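Let me begin by presenting the structure, written as C-alpha cells, before commenting on it.
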Amino acid sequence: QPQGALIAIDSDTGAIRALVGGRDAARSQFNRAVQAHRQPGSAFKPILYAAALSHGYTLANQIDCAPVTYQWGNHIYRPTDDGKENAAGLLSLRDALAASSNVVAVKLLNRIGTASVINLAKSLGIHSVLPPELSLALGSGEVTPLELAGAYLPFANGGKKIAPTTVQRILNREGQVLYQAPTEHSTIINPGVAYLVTQALNGVLHKGGTAANIEGILDRPAAGKTGTTQDNRDAWFVGYTPELLTCVYVGCDHNERSLPGAANTIAAPIWANFTARALAGKPSHDFTIPNDVVKVNICSETGARATAFCPQRSEYFIIGTEPTEYCEKHRYINLEVCKRSGLLPSPYCRELEIRQFQLGRQPTETCDICRKHTYLFDWLRRIFRH
C-alpha cells in the first residue's frame, strides 16, 4: 500500500509546523519524513539550476533539447523526455525547468560539472551521498523529505541558510533559557540566485509547467517542483510561499509498486490543498525582489534584448548578467522601393514608397519591370506617330 510523508516548515525561521511520517503511526513507527531515503527525481533539478545560475548562467540562456548520447565511464547514457524522443529546438532555462526537460538538465550538468552541484547540495543541507554521475541531474541520488525540504528553504527566504528545527526554545524550571534556536542566519546562496530559481519554479504552476493542473487551488504567490521517478514509483512535490514551505512524498516502502499517476496528479494536489488550508485567512505576500536583480525585456525566441519587432517577454537577471546585444533575428530596416515591383528602384521607376524589411530579407535586386514598361510605351509612341 502506498505510504506518504509531509513536512511543512516556516520559510523564514525554519520552524517545523507540521510533520507526517506515514499513514498510521500505530501500524508503523517508520517516519518517512525523516528516515525514508528515496530518489527525488526532477524535484532535485532546482539545486542543479541554482548551481548553474551561480556560475553565470541566466534564465534566458538557451540549450538545445534534442536527444544526446554520452559515454560515461563504461556506460552509454541517453537522457530522454517522455514523448519527445525526436524533439529539437532551443529551450530557455526558465522554460526547461518549468517543463522539467530531462535532456536540458543533463546537458546543463555536463557543462557545469557534477562537483559544483554536489557541493551546493551539501551546503544546502543534503548530507546523503550523491552520485557524481550525469543521472544526478534527474535526481538519482537518494534523499529524505526533510533533507530536500531544507535544501529548498533558501529559495523561499532569499538565500538564507536555515536548519529546520522542531525545538524553538528550552527553559529550565526557573524560566532560564537553556537553548534558543538560532535567529541569525548566514547567506548560503546569492539572494538573486534564490529569486531567479523562485521565478522559474513559479512557472511550474502555470500553463506549460508540469503542475499547471493545480493552478487556481492556491490563490497567492507560490513556486514549486514536481518529481517523479521511473515507472511512477515515487511522487514528490516541494512547494513554497514566502510564508510556508512544504515537501510532499508518496510511494511504497519497498518500492514494489507503481503509483497510479505522476507527481502532478498525486503529490502536487496534496501540497496545494494543504497550503491553501494552512494559510487560509492569512495575508498574502509576494517574494521580495533583491537589489541585485533587474528586469529586462528580451526576445522570447532568441533571449537577446528585444527590439521593437521581437515577440517579447520580461525576464529577471542578476545585474551584470543581463544581455547587452539586441536581437539580430528581428531587426528591421526601412528602404525606398519601387511600388510596382517591391525591388530597389531603377531610374525608370516613377512610383516609389518606403517599406519595412527584416534585416537579411530586404531586396537586393534592382527593378527591371519599369524599364521594360517604359520601353513598351516608348515603342507604342513611335508607332502611333507614324
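Numbering (the working numbering), first residue to last: 1452 to 1837. Just so you know, even glycine gets a beta-carbon here, dropped at the ideal spot from N, CA and C. Only a predicted model underlies this, so the values are computations on that prediction, with no experimental measurement involved.
Name the one or two DSSP bridge partners that residue i has.
i: residue 1792; result: None; residue 1792 has no bridge partner.
i: residue 1689; result: 1676, 1698
i: residue 1611; result: 1638
i: residue 1543; result: 1513
i: residue 1455; result: 1701
i: residue 1469; result: 1459
i: residue 1620; result: 1631
i: residue 1489; result: 1594
i: residue 1526; result: 1523
i: residue 1817; result: 1795
i: residue 1805; result: 1787
Straight-line CA distance for residue i to residue j?
i: residue 1559; j: residue 1744; result: 22 Å
i: residue 1500; j: residue 1808; result: 39 Å
i: residue 1600; j: residue 1579; result: 14 Å
i: residue 1458; j: residue 1779; result: 48 Å
i: residue 1715; j: residue 1794; result: 55 Å
i: residue 1421; j: residue 1721; result: In the structure as shown, the chain begins at 1452 and stops at 1837. Residue 1421 is therefore absent and cannot be evaluated.
i: residue 1789; j: residue 1806; result: 10 Å
i: residue 1541; j: residue 1514; result: 5 Å
i: residue 1478; j: residue 1512; result: 50 Å
i: residue 1691; j: residue 1525; result: 40 Å
i: residue 1666; j: residue 1485; result: 29 Å
i: residue 1725; j: residue 1708; result: 25 Å
i: residue 1821; j: residue 1551; result: 57 Å
i: residue 1505; j: residue 1642; result: 10 Å
i: residue 1675; j: residue 1620; result: 30 Å
i: residue 1617; j: residue 1471; result: 13 Å
i: residue 1622; j: residue 1746; result: 48 Å
i: residue 1734; j: residue 1455; result: 29 Å
Beta-carbon separation of residue i and residue j under 8 Å?
i: residue 1663; j: residue 1656; result: yes
i: residue 1596; j: residue 1767; result: no
i: residue 1695; j: residue 1468; result: yes
i: residue 1491; j: residue 1702; result: no
i: residue 1568; j: residue 1532; result: no
i: residue 1507; j: residue 1815; result: no
i: residue 1581; j: residue 1592; result: yes
i: residue 1585; j: residue 1561; result: yes
i: residue 1756; j: residue 1777; result: yes
i: residue 1518; j: residue 1710; result: no
i: residue 1668; j: residue 1727; result: yes
Can you tell me the Cβ-Cβ gap for residue i and residue j, rounded? I've got them flagged as a contact below 8 Å.
i: residue 1462; j: residue 1673; result: Actually they do not touch by this definition, with Cβ atoms about 11 Å apart.
i: residue 1650; j: residue 1544; result: At roughly 11 Å, the Cβ-Cβ gap does not stay under 8 Å, so residue 1650 and residue 1544 are not in contact.
i: residue 1497; j: residue 1603; result: 7 Å
i: residue 1634; j: residue 1611; result: At roughly 11 Å, the Cβ-Cβ gap does not stay under 8 Å, so residue 1634 and residue 1611 are not in contact.
i: residue 1761; j: residue 1781; result: 4 Å
i: residue 1838; j: residue 1494; result: The first residue shown for the chain is 1452 and the last is 1837, placing residue 1838 beyond what the model contains.
i: residue 1660; j: residue 1549; result: 4 Å
i: residue 1685; j: residue 1489; result: 5 Å
i: residue 1605; j: residue 1640; result: 5 Å
Would residue i count as contacting chain C if we go by Cβ distances under 8 Å?
i: residue 1468; result: The structure shown contains no chain C; it is built from a single protein chain.
Quick one: which unbroken beta strand (DSSP E) runs of 3-plus residues sit fully inside the region 1491-1516? Chain order, please.
-> Qualifying beta strand (DSSP E) stretches, in chain order: 1513-1515.
Ignoring anything shorter than 3 residues or poking outside the region 1710-1794, list the beta strand (DSSP E) runs there in chain order.
-> 1744-1750, 1763-1769, 1783-1789, all fully within the region 1710-1794.
For the region 1555-1606, list the alpha helix (DSSP H) runs that are entirely contained and at least 4 residues long, ordered along the chain.
-> Taking only runs of at least 4 residues, the alpha helix (DSSP H) segments lying wholly in the region 1555-1606 are 1565-1574.
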